[in-house]
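Visitor:
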Amino acid sequence: MTTPALLPLSGRRLPPLNLGASAFPHHRATLRLSEKFILLLILSAFITLCFGAFFFLPDSSKHKRFDLGLEDVLIPHVDTSKGGKNLGGFLIHGQGHDEHRHREEEERLRNKIRADHEKALEEAKEKLKKSRDEIQAEIQTEKNKVVQELKKKDSKPLPPVPLPNLIGINSGEPADLDIREKRNKIKEMMKHAWDNYRQYGWGHNELKPIARKGHSTNIFGNSQMGATIVDALDTLYIMGLHDEFREGQEWIDKNLDFSVNSEVSVFEVNIRFIGGLLAAYYLSGQEVFKIKAVQLAGKLLPAFNTPTGIPWAMVNLKSGVGRNWGWASAGSSILAEFGTLHMEFVHLSYLTGDPVYFNKVMHIRKLLQKMDRPNGLYPNYLNPRTGRWGQHHTSVGGLGDSFYEYLLKAWLMSDKMDTEARKMYDDAIEAIEKHLIRKSNGGLTFIGEWKNGHLERKMGHLTCFAGGMFALGADGSRDDKAGHYLQLGAEIAHTCHESYDRTTLKLGPEAFKFDGGVEAVAVRQNEKYYILRPEVIETYWYMWRFTHDPKYRQWGWEAAQAIDKYCRVSGGFSGVKDVYSSSPTYDDVQQSFFLAETLKYLYLLFSNDDLLPLDNWVFNTEAHPLPVLHLANATLSGNPAYR
1 MTTPALLPLS GRRLPPLNLG ASAFPHHRAT LRLSEKFILL LILSAFITLC
51 FGAFFFLPDS SKHKRFDLGL EDVLIPHVDT SKGGKNLGGF LIHGQGHDEH
101 RHREEEERLR NKIRADHEKA LEEAKEKLKK SRDEIQAEIQ TEKNKVVQEL
151 KKKDSKPLPP VPLPNLIGIN SGEPADLDIR EKRNKIKEMM KHAWDNYRQY
201 GWGHNELKPI ARKGHSTNIF GNSQMGATIV DALDTLYIMG LHDEFREGQE
251 WIDKNLDFSV NSEVSVFEVN IRFIGGLLAA YYLSGQEVFK IKAVQLAGKL
301 LPAFNTPTGI PWAMVNLKSG VGRNWGWASA GSSILAEFGT LHMEFVHLSY
351 LTGDPVYFNK VMHIRKLLQK MDRPNGLYPN YLNPRTGRWG QHHTSVGGLG
401 DSFYEYLLKA WLMSDKMDTE ARKMYDDAIE AIEKHLIRKS NGGLTFIGEW
451 KNGHLERKMG HLTCFAGGMF ALGADGSRDD KAGHYLQLGA EIAHTCHESY
501 DRTTLKLGPE AFKFDGGVEA VAVRQNEKYY ILRPEVIETY WYMWRFTHDP
551 KYRQWGWEAA QAIDKYCRVS GGFSGVKDVY SSSPTYDDVQ QSFFLAETLK
601 YLYLLFSNDD LLPLDNWVFN TEAHPLPVLH LANATLSGNP AYR
C-alpha cells in the first residue's frame with residue numbers, strides 16, 4: 001500500500017490523503033436500497049388498502065358523507081325538459097331524481113380502488129418472490145433510464161465557434177536516425193503503459209501495475225472516472241496512436257458520467273479532465289470532448305459559491321457542496337489550486353459563448369490584485385470566507401507553483417494581449433528572485449521556500465518546472481532581461497539535473513536540500529521517492545526549444561533510460577520509493593500524469609519544433625495543449641486587455 005509520503009504533494013499535484021476512501025465496498029448501500037424498495041412497495045399497498053377501507057367500504061355514515069358531497073353538483077346544462085330547473089346555464093339536480101346515478105358512480109369508484117389495491121398487492125408479492133440480484137438489476141435498469149434522460153438533457157448542442165488556426169498537430173518526425181529511434185522508444189513506452197492500463201485498469205482512474213488492477217485516490221472521489229483515459233488522449237493523438245485514441249473516445253462517449261455522488265478536487269479535475277477534454281477536442285475536432293468538458297465545468301461552478309468567490313478545494317459533483325482540505329492552514333483555499341483555472345475557463349467561455357467561466361477567474365484575479373502581499377510575495381493560503389491570507393508560506397513548488405505559470409500563460413494564450421496578467425507575472429517573479437532564489441556554496445542556483453520570515457534552503461521536484469517557465473517568459477520580460485531569464489532557466493535545469501545525477505538510479509528525489517555540505521540531495525527518507533514526475537523533463541524540453549543545446553536531449557534520454565530500467569514492470573510503470581537504493585521497492589502506482597506529461601514531454605523533446613509550436617499552442621499545467629486565441633472573442637471583452 002502506498003504511504004502518504006509517496007503521494008503527490010503539491011499545487012500542480014495536490015495531496016490525495018485518504019488512500020482507502022475508494023476501497024470501501026459499495027454493496028451495503030445497494031442492499032439497503034433494495035430492502036427499502038421492497039418495504040416501500042408493501043407500505044404503499046397498505047396505505048392504499050387503508051384509504052379504500054376508510055372512505056369507500058359500505059358504511060352508512062360514510063355513505064351519507066359521500067352523498068352530501070354530491071348533492072349540489074353544478075353541471076353545465078340548458079335542457080329543462082327532464083324535471084330540472086334552469087338557473088343561469090347550470091342544471092341543479094335534485095337528490096331523489098339522480099340518486100341511482102350517484103350510487104353507480106360510488107360503486108365504480110369503489111371497484112377501481114379495490115382493483116388498484118389488488119394490483120399493488122400482487123406486484124408486491126411478485127417483487128417478494130424475486131431474488132435480491134433480480135431486484136437490484138431492476139433498480140439499476142431504472143437508474144440507467146434516469147441517467148440516459150439526464151444525458152439527453154445535458155447534451156444540448158453548443159453554439160458553433162470558429163476554431164483558432166490549428167498548426168502543427170501531426171508529424172514532427174526528426175530526420176536524424178538516432179533521434180528518430182529515441183522518439184520511437186518513447187512511443188513504445190507509451191504503448192506499454194496504455195496497453196497494460198487497457199488490460200488491467202480500464203475505466204479506473206489509474207493502474208496498479210504490479211497488482212494488475214485499478215487504483216484511485218481521493219482527488220477523484222469514489223468514482224471510476226477513467227482519469228488515465230482522459231489524461232492520455234492528446235499524447236496518444238500526437239504520437240499517431242489513433243486506434244488507442246478511438247477506444248478512449250468510445251469509453252468517454254459511453255461511460256464518462258459526471259452526475260455521480262462523488263467529492264473531487266476542483267484543481268485536479270480542471271487540469272486533468274477539462275484540460276484533457278479540451279485538448280482532445282482541439283486536436284481531433286470530435287464534439288463529444290467539448291460537450292463533456294462543458295458538462296463537467298457546470299458541475300464545478302458551485303465550488304465558487306463562497307463569500308469571496310475564491311473556490312473551495314473540493315466539490316461534490318452531485319450536490320454541489322464544497323469544502324477545503326482539512327490540513328490546509330485555517331480552512332484556507334490554496335494559491336496553486338484557485339490560481340490554476342484561468343486557461344481552461346477562458347477556453348470554456350470561448351467555446352460556449354457563456355462569460356460565466358471567464359468572469360469567475362477574472363474575479364479571482366481582481367481580488368488578488370487588491371490584496372497586500374508580504375515582501376511582494378503571494379502566500380500559499382487564502383481563506384475563502386474572510387478573504388485574508390493564511391499562514392505566510394510562499395513556494396514556487398508545491399502549493400504555489402502553477403499560479404505563477406498561469407499568469408504567464410494567460411498572457412501567451414491571449415496572443416500577448418492580456419498585459420494585466422503579464423504585469424502580475426513580472427511583479428511576482430521579481431519578488432521571487434529577490435527573496436527565494438539563491439546560489440549554493442557549490443554554485444548551484446536553487447529556489448527555496450519562504451516560511452514565516454525564514455528561507456528554507458530546500459527545493460522540491462515540483463519546483464523544477466520553473467526552469468522552463470523562466471525560459472518561456474524570457475521574451476517580453478522587462479528591461480530587456482530576456483537573456484537573464486533564459487540563463488536563469490538554464491541554471492535551474494542544471495541544478496535539477498544534478499539532483500538526478502547524484503542518485504543511484506539517476507532519477508530525481510521528491511525534494512532535496514542545500515544545507516552545509518549537502519547539495520541537491522534528499523536527506524529525509526520520505527523525500528527520496530520518485531513517482532514518475534515530469535517537471536525536470538518539462539524544463540529540458542522548454543530549454544531545448546529555446547536553445548537547441550544538445551545537452552538537454554542527452555539529459556532527457558538519461559532520464560528516459562532510467563525510467564525504463566527501474567520503473568518499468570511487466571504490468572506498466574511504477575514509482576520507486578528510494579532513488580538512492582540499488583534495489584528499490586515499488587509504490588505500485590502508474591500515475592495518470594505519467595502518460596499525460598512525462599511521456600509527452602519526452603516525445604516532444606525528440607521531435608521537430610513544428611510539432612505543437614509554442615507560437616500557436618500553450619500547455620496547461622498537465623501538459624494539455626490549448627491553442628492561442630488570436631481573436632478577441634466577445635465573451636472576453638470584459639477585460640480591457642482583450643479589446
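Read in UniProt numbering, the sequence shown has 360 at position 360, and its numbers run on one by one without any break.
Built from N, CA and C at the ideal position, the CB exists for glycine as well.
Model, not experiment: these values are computed from the prediction.
In terms of alpha-carbon separation, which member of 381, 584, 493, 513 lies closest to residue 552?
Guide: What you label residue 552 is simply residue 552 of the sequence shown in a count that begins at 1. Looking at the Cα atoms, 493 is the closest of the given residues.
Visitor: Please classify residue 112 as buried or exposed, where buried requires at least 16 other C-beta atoms within 10 Å of its C-beta.
Guide: Start at 1 with the first residue of the sequence shown, and residue 112 comes out as number 112. Flag for residue 112 reads exposed.
Visitor: Suppose the cutoff is 7 Å on Cβ atoms and the five residues either side in sequence are ignored; what does the same chain contact list for residue 602 look like?
Guide: In the sequence shown, the residue the question calls residue 602 occupies position 602. Counting only Cβ-Cβ distances below 7 Å, and skipping sequence neighbours, we find 186, 537, 556, 560.
Visitor: Is residue 484 closer than 8 Å to residue 406 when the C-beta atoms are compared?
Guide: For the purposes of this step, residue 406 is taken as residue 406 along the sequence shown, with counting starting at 1. For the purposes of this step, residue 484 is taken as residue 484 along the sequence shown, with counting starting at 1. In this structure, residue 484 does not lie closer than 8 Å to residue 406 by Cβ.
Visitor: Using the rule of at least 16 other Cβ atoms within 10 Å of the residue's Cβ for burial, across every protein chain shown, is residue 211 buried or exposed?
Guide: Translated into positions along the sequence shown, residue 211 becomes position 211. Residue 211 should be labelled exposed.
Visitor: Run the CB neighbour count on residue 429, radius 10 Å, all protein chains shown included, and call it buried at 16 or more, exposed below.
Guide: Within the sequence shown, the letter at position 429 stands for residue 429. Flag for residue 429 reads buried.
Visitor: Three or more beta-carbon pairs under 8 Å between the segment 200-209 and the segment 577-594, yes or no?
Guide: Yes, the segment 200-209 touches the segment 577-594.
Visitor: Hey, which unbroken runs of the beta strand (DSSP E) at 3 residues or more fall wholly within the segment 269-332?
Guide: Entirely contained in the segment 269-332, the beta strand (DSSP E) runs reaching 3 residues are, in chain order, 314-316.
Visitor: Got a sec, what are the start and stop residues for the beta strand (DSSP E) residue 626 sits in?
Guide: As a working note, residue 626 is residue 626 in the sequence shown. Element bounds for residue 626: 625-627.
Visitor: Just verifying my parser: in three-state terms, what is the DSSP assignment at residue 364?
Guide: As a working note, residue 364 is residue 364 in the sequence shown. Here residue 364 sits in helix by DSSP.
Visitor: Is it the case that the Cβ atoms of residue 509 and residue 528 are separated by a distance below 8 Å?
Guide: Residue mapping note: residue 509 aligns to position 509 of the sequence shown, counting from 1. Residue mapping note: residue 528 aligns to position 528 of the sequence shown, counting from 1. Contact: yes.
Visitor: Go through its chain and collect everything with a Cβ distance to residue 323's Cβ below 6 Å, but skip five positions before and after it.
Guide: Residue mapping note: residue 323 aligns to position 323 of the sequence shown, counting from 1. Cβ neighbours of residue 323 beyond the five flanking positions: 312, 314.
Visitor: Which residues bound the alpha helix (DSSP H) around residue 556?
Guide: As a working note, residue 556 is residue 556 in the sequence shown. Its alpha helix (DSSP H) spans residues 550-566.
Visitor: Provide the residue(s) that pair with residue 438 in DSSP beta bridges, ordered along the chain.
Guide: Counting from 1 along the sequence shown, the entry for residue 438 is found at position 438. Partner(s): 446.
Visitor: Among 379, 455, 475, which residue has its Cα nearest to the Cα of residue 426?
Guide: Locating residue 426 in the sequence shown gives position 426, where the first residue counts as 1. Out of 379, 455, 475, 475 has the C-alpha closest to the C-alpha of residue 426.
Visitor: Could you name the residues of the same chain whose beta carbon sits closer than 8 Å to that of residue 294, not counting the 5 residues immediately before and after it, in chain order?
Guide: Taking the first residue of the sequence shown as position 1, residue 294 is located at position 294. The answer, listed in chain order, is 158, 348, 351, 352.
Visitor: For the candidate residues 235, 184, 464, 170, whose alpha-carbon lies nearest to that of residue 194?
Guide: In the sequence shown, the residue the question calls residue 194 occupies position 194. Measuring from the Cα of residue 194, the nearest candidate turns out to be 235.
Visitor: How far does the beta strand (DSSP E) with residue 470 in it extend, from its first residue to its last?
Guide: Looking up residue 470 in the sequence shown gives position 470. Not the beta strand (DSSP E): residue 470 falls in the alpha helix (DSSP H), residues 466-472.
Visitor: Short check: CB of residue 344 to CB of residue 616, under 8 Å?
Guide: Against the sequence shown, residue 344 aligns to sequence position 344. Against the sequence shown, residue 616 aligns to sequence position 616. Cβ atoms of residue 344 and residue 616: not closer than 8 Å.
Visitor: For residue 630 and residue 166, I'd like the C-alpha separation in whole angstroms.
Guide: The residue you call residue 630 lines up with position 630 of the sequence shown. The residue you call residue 166 lines up with position 166 of the sequence shown. So the alpha carbons of these two residues sit roughly 11 Å apart.
Visitor: Would you kindly report the start and end of the unbroken beta strand (DSSP E) that includes residue 483?
Guide: Indexing the sequence shown from 1 puts residue 483 at position 483. Element bounds for residue 483: not the beta strand (DSSP E) but the alpha helix (DSSP H), 482-501.
Visitor: Just to confirm, is the Cβ distance from residue 168 to residue 610 under 8 Å?
Guide: Along the sequence shown, read from residue 1 onward, the residue named residue 168 stands at position 168. Along the sequence shown, read from residue 1 onward, the residue named residue 610 stands at position 610. Contact: yes.
Visitor: Mind reading off the beta-carbon distance from residue 595 to residue 225? Whole number of angstroms is fine, and I expect it under 8 Å.
Guide: Taking the sequence shown and counting its residues from 1, the one referred to as residue 595 is at position 595. Taking the sequence shown and counting its residues from 1, the one referred to as residue 225 is at position 225. The Cβ separation is near 15 Å, so there is no contact.
Visitor: Given this structure, state the Cα-to-Cα distance separating residue 363 from residue 309, to the nearest angstrom.
Guide: Residue 363 sits at position 363 when you count from the first residue of the sequence shown. Residue 309 sits at position 309 when you count from the first residue of the sequence shown. Residue 363 and residue 309: Cα-Cα distance of roughly 7 Å.
Visitor: Which one of 339, 302, 200, 176 has the shortest CA to CA distance from residue 608?
Guide: Along the sequence shown, read from residue 1 onward, the residue named residue 608 stands at position 608. Considering only alpha carbons, the answer is 176.
Visitor: Rounded to the nearest angstrom, what separates residue 284 and residue 245 at their Cα positions?
Guide: As a working mapping, residue 284 is identified with position 284 in the sequence shown. As a working mapping, residue 245 is identified with position 245 in the sequence shown. If I take the Cα positions, the gap works out to 10 Å.
Visitor: Which runs of the beta strand (DSSP E) at least 3 residues long sit entirely within the segment 517-553? Give them in chain order.
Guide: Here the runs fully enclosed are 518-521.
Visitor: Can you tell me whether residue 268 is buried or exposed, with buried defined as 16 or more other CB within 10 angstroms of its CB?
Guide: Counting from 1 along the sequence shown, the entry for residue 268 is found at position 268. Under this definition residue 268 is a buried residue.
Visitor: Give the DSSP-derived three-state secondary structure of residue 424 in the structure shown.
Guide: The residue you call residue 424 lines up with position 424 of the sequence shown. Note: residue 424 maps to helix in three-state DSSP.
Visitor: Mind checking residue 24: buried by the 16 CB within 10 Å criterion, or exposed?
Guide: Residue numbering aside, residue 24 sits at position 24 when the sequence shown is read from its first letter. With a pLDDT of only 34 at residue 24, under the threshold of 50, the placement of this residue in the model should not be trusted; the figure read from the coordinates follows. Exposed, by the Cβ-count rule.
Visitor: Answer yes or no: does any C-beta atom of chain C fall closer than 8 Å to that of residue 480?
Guide: The displayed structure is made up of one protein chain only, and chain C is not part of it.
Visitor: What would DSSP say about residue 586, mapped onto helix, strand or coil?
Guide: Mapped onto the sequence shown, residue 586 falls at position 586. Strand, per DSSP.
Visitor: Report the start-end ranges of each alpha helix (DSSP H) in the segment 367-428 that is 4 residues or longer and not cut off at the edges.
Guide: Listed in chain order, the complete alpha helix (DSSP H) runs (minimum 4 residues) inside the segment 367-428 are 401-413.
Visitor: Would residue 597 and residue 558 be called neighbours here (beta carbons separated by less than 8 Å)?
Guide: Taking the sequence shown and counting its residues from 1, one reaches residue 597 at position 597. Taking the sequence shown and counting its residues from 1, one reaches residue 558 at position 558. No, the Cβ-Cβ distance between residue 597 and residue 558 is not below 8 Å.
Visitor: Could you tell me the distance, in whole angstroms, from the CA atom of residue 478 to the CA atom of residue 445?
Guide: Taking the first residue of the sequence shown as position 1, residue 478 is located at position 478. Taking the first residue of the sequence shown as position 1, residue 445 is located at position 445. Each residue's Cα considered, the two are about 21 Å apart.
Visitor: Who are residue 511's beta bridge partners in DSSP?
Guide: Residue numbering aside, residue 511 sits at position 511 when the sequence shown is read from its first letter. Per DSSP, 460.
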